[in-house]
Amino acid sequence: MSPIYGRITIIKPNNEFGGVYEMDKRTCLIGRSRTCNIRIKSNAVEKEHCAVEFNHNGQAFLKNLASHRAVRIFDRRVPTCAKLNHGDIFHVEHRSFKFEYLEHSPYGKIVENHRRPNLERCRPGLKLQQPP
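Counting from 1, one number per residue, gives the positions in the sequence shown under full-length UniProt numbering.
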């Protein structure tokens with residue numbers, strides 16, 4: 001059985017929680033391609049729009065793979081990459097998602113100022129792993 005790194009919950013347009021994607025790999029690709037882990041069927045979404053990726057320390061990042069399209073954490077645009085905090089709400093065009101660490105994660109605590117995402121803290125050279 002693969003370890004679970006984190007959880008992404010879909011937020012429906014009526015603001016109710018929908019399906020849950022448990023990340024059993026370090027990378028979750030989000031976009032409209034059939035190869036994405038979370039698929040959004042919309043022409044406003046790129047084939048590979050963004051990714052949630054865990055580094056070797058277990059910290060999660062949201063990477064914008066579509067620089068000319070919107071990816072936001074709460075209401076702040078993510079130009080290239082941002083650290084994700086437990087409970088962060090992120091948006092891919094018109095769809096919303098809630099990110100959560102697992103309870104045993106050292107990052108699984110709600111950060112006091114979680115509405116101010118850290119947008120510039122991705123290490124240069126942090127490579128996006130392709131999903132199998």
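Glycine included, C-beta positions come from ideal geometry on N, C-alpha and C.
Here the structure is a predicted model, which means the values were calculated and not measured.
Asked, Found
"Residues near Val71 in its chain [Cβ-Cβ closer than 8 Å; skip 5 each side]", "His49, Cys50, Leu62, Asn64, Arg77, Val78, Phe90, His91 and Val92"
"Short Cβ contact (8 Å threshold) for Lys47 with Ser33", "yes"
"Residue of His104, Phe97 and Ala60 minimising C-alpha distance to Lys83", "Ala60"
"Sub-8 Å separation of Gly58 and Ser2 beta-carbons", "no"
"Local Cβ density within 10 Å of Gly6, reported as buried at 16 or more and exposed below that", "buried"
"Among Gly87, Glu103 and His94, the one whose alpha carbon lies nearest that of Thr9", "Gly87"
"Test item: CB-CB of Ile11 and Gly19 under 8 Å", "no"
"Beta carbon of Tyr21 nearer than 8 Å to that of Asn43", "no"
"DSSP bridge partner residues for Tyr101 (one or two, in chain order)", "Gly6"
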